[in-house]
Structure formats: C-alpha cells, structure tokens
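Enquirer: Have a look at the structure that comes next, please.
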Amino acid sequence: MSNLQETNPPTHACCGPGYASPEAAMKAEPEKVLYAIALYTGTGIEEPDYLATVDVDPNSSTYSQVIHRLPMPYIGDELHHFGWNACSSCHGDANKSRRFSVIPGQRSSRIYIVDTADKTAPKIHKI
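Dropping the structure here:
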C-alpha cells in the first residue's frame, strides 16, 4: 500500500487519522460531507453503482443534497461495506491519513480505491 501514502500534510498536526478516544471525537468539528453507496441491483436499471457525496453542512446552500456522483466503470458490482485506507487505531501515527476509501464489489470481486483528496468530488484512483 505504499503507493497510497498521502503527499499532503495530515489533518491532525500531531497525530494520525481518527481520534484518541470517543470523547475526543465528540468534541471534534462536525463532518461537512458524507459518502454513501448507491446501488441499482434489483431495480432493473442497467447502470453502474456510484458513490454519492452528500453535503451535511447545515450552513451550506446545498445542505442535505447529493453534490457529486462518482459512477463506477462497470455494471453489476454491488458495492458493499466500504472503509478507509487507515483506521482510527493509527491515531498516533502522523504519517497516516484517511485519504483513500476502499470499496469492494460484492458480486464482481473488484476492489475500488477512491481518492478523496477533493472531498466534494472523489475520483477513482485504482481498480
């Protein structure tokens, strides 16, 4: 995974991704966007699944709206249970960051690596 190292400085100056405790997470600034998988499996629509970026900043004019769609290049993946390239247990490691999302296709066995450097418009980094 060495090719997935972030070149930008980490979000937390003294530590890696995640938080030292649940209490620290509760005190952190709220997220501005969230990512959700959108599937067409079982709908009869023959389109690729996509990663939706949703604006969850209550002060934004696009609050609660899908602001970006990242379609996968193939039909029938059935994207499932995605996560980050670094977990919260890496909290003490300033060289780690949560920049890449790892998204598996349950039916296709493909694994997508999605770059979230631009948090509002993620891009496929590698399949």
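In the numbering used here, the protein residues as written are 113 to 239. For each residue, glycine too, the CB sits at the ideal point set by N, CA and C. Keep in mind that this is a model prediction, so the values were computed, not measured.
In the DSSP assignment, the alpha helix (DSSP H) including lysine 139 goes from what residue to what residue?
Expert: 134-139
Enquirer: At what residues does the beta strand (DSSP E) containing histidine 237 begin and finish?
Expert: Note, histidine 237: beta strand (DSSP E), 235-238.
Enquirer: Near valine 166, which residues of its chain fall below 8 Å by C-beta distance, leaving aside the five closest residues on each side in sequence?
Expert: Val145, Leu146, Tyr147, Ala148, Ser176, Gln177, Val178, Ile179
Enquirer: Using the Cα positions of glutamate 158 and glutamate 143, report the straight-line distance between them to the nearest angstrom.
Expert: So the alpha carbons of these two residues sit roughly 33 Å apart.
Enquirer: Within the segment 130-217, note down every full beta strand (DSSP E) run reaching 3 residues or more, in order along the chain.
Expert: For the beta strand (DSSP E) assignment, the uninterrupted runs of no fewer than 3 residues enclosed by the segment 130-217 are, from N- to C-terminal side, 145-150, 162-167, 178-183, 212-216.
Enquirer: Contact defined as beta carbons within less than 8 Å: I believe arginine 211 pairs with threonine 232. What is the distance between those atoms, to the nearest angstrom?
Expert: Arginine 211 to threonine 232, Cβ: 14 Å. No contact.
Enquirer: Measure from the alpha carbon of glycine 188 to the alpha carbon of each residue in Ala136, Arg219, Ile225, Asp230, then state which is nearest.
Expert: Arg219
Enquirer: Around the Cβ of asparagine 171, are there at least 16 other Cβ atoms within 10 angstroms (buried) or fewer (exposed)?
Expert: exposed
Enquirer: Quick one: what's got a C-beta closer than 8 Å to alanine 246's C-beta in the same chain, skipping five residues either side?
Expert: Residue 246 lies beyond the stretch modelled for the chain, which goes from 113 to 239, so this question has no answer here.
Enquirer: Please identify the residue among Pro183, Tyr152, Glu190, Ala206 whose C-alpha is closest to the C-alpha of valine 226.
Expert: Pro183
Enquirer: So what's aspartate 227 in DSSP terms, helix, strand or just coil?
Expert: strand
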